[in-house]
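Report on the following structure.
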Amino acid sequence: MFDNKSILITGGTGSFGKKYVQTLLSRFKPRKIIVFSRDELKQFEMQQKFNDPCIRYFIGDVRDRERVLQATRGVDYIIHAAALKQVPAAEYNPVECIKTNIDGAQNVIHGAITNNVEKVIALSTDKAANPINLYGATKLASDKLFVAANNMVGERRTRFAVVRYGNVVGSRGSVVPFFQGLIDQGAKSLPITDTDMTRFWISLQQGVDFVLKNFTRMHGGEIFVPKIPSVRIVDLARAMAPGLEQHVIGIRPGEKLHEIMCPADDSHLAVEYDDHFVLSPSIRFYDHDVDYFSNGIGESGKAVGRGFEYNSGTNTHFLSVDEIVEFNAKAMA
Numbered sequence: 001m002f003d004n005k006s007i008l009i010t011g012g013t014g015s016f017g018k019k020y021v022q023t024l025l026s027r028f029k030p031r032k033i034i035v036f037s038r039d040e041l042k043q044f045e046m047q048q049k050f051n052d053p054c055i056r057y058f059i060g061d062v063r064d065r066e067r068v069l070q071a072t073r074g075v076d077y078i079i080h081a082a083a084l085k086q087v088p089a090a091e092y093n094p095v096e097c098i099k100t101n102i103d104g105a106q107n108v109i110h111g112a113i114t115n116n117v118e119k120v121i122a123l124s125t126d127k128a129a130n131p132i133n134l135y136g137a138t139k140l141a142s143d144k145l146f147v148a149a150n151n152m153v154g155e156r157r158t159r160f161a162v163v164r165y166g167n168v169v170g171s172r173g174s175v176v177p178f179f180q181g182l183i184d185q186g187a188k189s190l191p192i193t194d195t196d197m198t199r200f201w202i203s204l205q206q207g208v209d210f211v212l213k214n215f216t217r218m219h220g221g222e223i224f225v226p227k228i229p230s231v232r233i234v235d236l237a238r239a240m241a242p243g244l245e246q247h248v249i250g251i252r253p254g255e256k257l258h259e260i261m262c263p264a265d266d267s268h269l270a271v272e273y274d275d276h277f278v279l280s281p282s283i284r285f286y287d288h289d290v291d292y293f294s295n296g297i298g299e300s301g302k303a304v305g306r307g308f309e310y311n312s313g314t315n316t317h318f319l320s321v322d323e324i325v326e327f328n329a330k331a332m333a
């Protein structure tokens with residue numbers, strides 16, 4: 001699907017972007033990969049590893065509509081990964097988070113429609129479902145923008161979808177490298193926000209593969225949610241440092257005890273497939289009818305029960321301590 005195509009990745013120097021570029025180069029022969037980000041140092045560092053002739057490093061900020069418009073010219077597919085993601089930072093700097101996560105999303109939509117991009121997938125987060133923090137609220141707004149954008153395309157070919165998943169093992173700023181840093185520094189105990197806290201668990205490669213597959217699955221307007229395991233944070237700490245004690249520090253500003261990816265209030269919109277869920281749009285598209293119980297590769301889904309909720313605390317699949325050790329080792333390899 002990506003052979004001889006032009007692909008733009010916003011926020012392309014982040015953990016996801018680097019893994020996505022690596023995967024594209026190993027599996028396909030793209031005509032062009034555009035790495036769009038605002039940090040020239042990260043682009044320089046990434047260029048030392050990824051210097052294939054098809055790659056273009058494009059300095060810019062998704063807040064800048066004109067620059068996004070330039071970056072999207074001649075592009076076939078967009079992966080929108082640029083975002084301000086740190087929950088406490090967003091709580092203390094709300095306007096900056098809004099400018100990047102909401103205004104930036106609208107700029108990507110504008111660029112995609114103006115330049116007749118074929119397909120766009122925006123990365124979301126479990127924090128966008130029933131959000132209690134500003135980061136989650138901005139990503140929910142972003143999700144709504146990308147879904148509604150399918151009503152703005154007119155006769156153009158552009159279609160938009162969203163991928164939502166949980167904590168990515170080993171991604172920049174996440175709990176695994178945080179714990180590992182403390183362990184490496186000789187910490188006597190690991191800080192636990194709450195002994196009951198749970199999180200969804202996914203590797204970076206799994207996230208990339210899920211996005212890749214959804215480019216072929218999508219009709220436009222979907223929010224794709226993978227079926228993935230949960231972990232208890234106390235089990236994660238035991239898996240990473242079985243000999244260390246743990247001390248409770250309390251939940252941080254804007255943090256949840258458990259995360260949700262399919263809220264109960266959206267159960268009437270949820271379609272269950274073998275390895276994922278689809279949240280169909282709550283709005284009607286005026287120029288086309290879509291059957292979200294089947295997808296672009298012939299898979300079929302079914303309705304979930306009314307009131308169904310996909311919650312990390314009530315998930316049917318939890319990883320044991322030993323399974324976390326094995327999962328993390330593979331994810332970080």
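Numbering follows the UniProt record's numbering, in which position 176 of the sequence shown is assigned residue number 176; successive positions increment by one, without gaps. C-beta: ideal position from N, C-alpha, C; glycine also.
query                                                                                                          : result
Among M152, G301 and N315, the one whose alpha carbon lies nearest that of E272                                : G301
Span separating the alpha-carbon of P226 from that of K256                                                     : 20 Å
CA-to-CA distance, L145 to P281, given in whole angstroms                                                      : 11 Å
Minimum C-alpha distance to G173 - residue among E118, F16, F160 and T138                                      : F16
The alpha helix (DSSP H) enclosing H110, as first and last residue numbers                                     : G104 to T114
Own chain residues within Cβ distance below 6 Å of H80, not counting five before or after                      : T10, V108 and A122
CB contact flag (R157, G104, <9 Å)                                                                             : no
Distance, E155 Cα to A331 Cα                                                                                   : 42 Å
Delimiting residues of the alpha helix (DSSP H) encompassing R65                                               : R65 to A71
Rounded straight-line distance, which links the Cα of L25 to that of Q3                                        : Residue identity differs from the one stated: residue 3 is Asp in this sequence, not Gln. Cα to Cα, D3 sits roughly 10 Å from L25.
Inside the stretch 258-287 only - beta strand (DSSP E) runs reaching at least 3 residues                       : 260-262, 270-272 and 276-279
Simplified DSSP state of F58, which is helix, strand or coil                                                   : strand
Exposed unless 16 or more other CB atoms sit within 10 angstroms - verdict on T195                             : exposed
Where the beta strand (DSSP E) through A161 begins and ends                                                    : R159 to V163
Option nearest G305 by Cα separation, candidates D289, S320, D266 and D291                                     : D266
Own chain, CB closer than 7 Å to M1, minus 5 neighbours either side, in chain order                            : F215 and T216
Same chain only: Cβ atoms within 8 Å of G60, ignoring 5 sequence neighbours per side                           : F36, S37, R38, R67, V68, Q70 and A71
Own chain, CB closer than 6 Å to A129, minus 5 neighbours either side, in chain order                          : I260, M261 and P263
Spatial neighbours of D76 in its chain, beta-carbon cut-off 6 Å, leaving aside the 5 residues before and after : K5, S6 and E118
Any 3 or more C-beta pairs closer than 8 Å across the stretch 284-301 and the stretch 235-252                  : no
Residue range of the unbroken beta strand (DSSP E) whose run includes F36                                      : K32 to S37
Through-space distance from N151 to P30, alpha-carbon basis                                                    : 29 Å
CB-CB length for G170 against V176, believed under 8 Å                                                         : 5 Å
Separation of K188 from A149, as counted between CA atoms                                                      : 51 Å
Buried or exposed by the 16-neighbour rule on C-beta atoms within 10 Å, applied to N51                         : exposed
Element boundaries [alpha helix (DSSP H), containing F146]                                                     : L134 to A148
DSSP-derived helix/strand/coil call for I121                                                                   : strand
Inter-residue Cα distance where the pair is I98 and T138                                                       : 6 Å
Nearest residue (CA-CA) to V147, options M218, N295 and K32                                                    : M218
Start and end residues, beta strand (DSSP E) containing Y77                                                    : Y77 to H80
Which listed residue (R56, I233, R159 and R27) has its alpha carbon closest to that of S320                    : I233
Exposed unless 16 or more other CB atoms sit within 10 angstroms - verdict on D184                             : exposed
DSSP three-state assignment for K18, whether helix, strand or coil                                             : helix
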